[in-house]
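A.B. asks:
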Amino acid sequence: MKVNRVMSAYRLDVISLLPKPFEILHELGVIGRAFTTGIAELNLYNPRDFTHDSYHKVDDEPYGGGVGMVLKPEPFFKAFTSIPSHPARRVLMMTPQGKQLEQSDLWRWSKEYRQLIFLCGQYEGFDERIRNLADEEISIGDFVLTGGELAAMTIVNGVVRLLPGGIGRSESLIEESHSNLLLEQPHYTRPSEFSGLEVPKVLLSGNHKEIARWRQKQREMRTKIRRPDLFERWVKSQEMACNSELMLNNLPNSSSKNSCENNFIEDPWWD
Ligand code: ADE
3 MKVNRVMSAY
13 RLDVISLLPK
23 PFEILHELGV
33 IGRAFTTGIA
43 ELNLYNPRDF
53 THDSYHKVDD
63 EPYGGGVGMV
73 LKPEPFFKAF
83 TSIPSHPARR
93 VLMMTPQGKQ
103 LEQSDLWRWS
113 KEYRQLIFLC
123 GQYEGFDERI
133 RNLADEEISI
143 GDFVLTGGEL
153 AAMTIVNGVV
163 RLLPGGIGRS
173 ESLIEESHSN
183 LLLEQPHYTR
193 PSEFSGLEVP
203 KVLLSGNHKE
213 IARWRQKQRE
223 MRTKIRRPDL
233 FERWVKSQEM
243 ACNSELMLNN
253 LPNSSSKNSC
263 ENNFIEDPWW
273 D
């Protein structure tokens, strides 16, 4: 098993009243291995352990009345200040009111930071002052869960798989990072025919150039049909990349040729 000897472990610190579910992350294949090989480390902090009253009270009624309980600020702040701070640290608050999570966020956190602190709420919500601890508020979708734990676990999973030393340098990840906004193409394995369903001929052809073109076209078509919003963003990002390349190539002394010309795949022979 490969051990990451150069970089210290990427720190993941979670503040949650329900630390138990996070244990499952240690059993999640590639993610679990990242913890055992020292690529990442996961630490849990329960605000209840930072209370001083005999009831270990972490929540209270909302000022002004209303249903539900609100998480008290003191145990949260105490748990937070007990966490060692890395210079490259980002604090993420899990809330349905946050910015919606995207793959580009996972890449950014995996590349630009060495520590993520997750603030997970339960009950009706946080005391508003807890928001001051966060650099970013993140939602994993337009739906409401009972707490931020599943959202934090989703992010831990998504970030750890991108870290160098895990699968972070694999071919498929490099490919994934280049076509960030596109959905994956279909995949096939043996047998070439199953119950009358055949594998596309181009995949059996051995022609790597044509296979690459087919895969790219499949990604584009799938995205266009299933996620037109993503497709539109991808087209725009391609156009922007082309325009900046054109500008660079038109500078005096530039001899490089424009690679944007072949950008759009015309209908190939396998259609
Ligand atoms: N907590 C409750 N619902 C959530 C959501 N959708 N995203 C992030 N945190 C949450």
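To convert, count from 1 in the sequence shown and add 2; that's the numbering used here. Every residue gets a Cβ at the ideal spot worked out from N, C-alpha and C, and that includes glycine.
1. Is DSSP giving glutamate 268 helix, strand or coil here?
2. Relative to the C-alpha of asparagine 182, which candidate in Ala11, Pro98, Arg110, Leu121 has its C-alpha closest?
3. For phenylalanine 79 and valine 72, what's the separation of their Cα atoms in angstroms?
4. Can you name, in chain order, every residue of its own chain whose Cβ lies under 7 Å from the Cβ of histidine 88, other than the five neighbours on each side?
5. DSSP three-state label for valine 162, please.
6. Can you find a CB in chain B that lies within less than 8 Å of the CB of arginine 221?
7. How do the stretch 142-158 and the stretch 188-204 stand: do at least 3 beta-carbon pairs fall below 8 Å, yes or no?
8. Give a yes or no on whether the C-beta atoms belonging to leucine 44 and phenylalanine 37 are separated by under 8 Å.
9. Could you spell out the range, first to last residue, of the alpha helix (DSSP H) harbouring isoleucine 227?
10. What are the start and end residues of the beta strand (DSSP E) that includes serine 197?
11. Taking DSSP as the reference, what is the three-state secondary structure of leucine 250?
12. Can you give the Cα-Cα distance for aspartate 273 and glutamine 240, rounded to whole angstroms?
13. Pull up the CB-CB distance for valine 158 and leucine 27, whole angstroms please, since I reckon it's below 8 Å.
C.D. replies: The structure says:
1. Its pLDDT being 49, under 50, glutamate 268 is placed unreliably by the model, and the measurement read from it follows with that caveat. Correct three-state label for glutamate 268: coil.
2. When each option's Cα is compared against that of asparagine 182, the closest is Arg110.
3. Straight-line Cα distance between these residues: approximately 15 Å.
4. So the qualifying residues of the chain are Arg13, Arg116, Gln117.
5. DSSP places valine 162 in helix when its eight states are reduced to three.
6. The chain inventory of the structure shown lacks chain B, comprising one protein chain alone.
7. The answer is no - the stretch 188-204 does not touch the stretch 142-158, with fewer than three Cβ pairs under 8 Å.
8. Going by C-beta atoms, leucine 44 is nearer than 8 Å to phenylalanine 37.
9. It spans 210-228 - the alpha helix (DSSP H) in which isoleucine 227 sits, taken as one unbroken run.
10. That residue, serine 197, is in no beta strand (DSSP E); it is neither H nor E in DSSP.
11. DSSP places leucine 250 in the helix class (H, G or I) of the three-state scheme.
12. Unreliable placement is indicated for aspartate 273, whose pLDDT of 43 sits below 50; no coordinate value is reported for it.
13. About 6 Å; that satisfies the 8 Å criterion.
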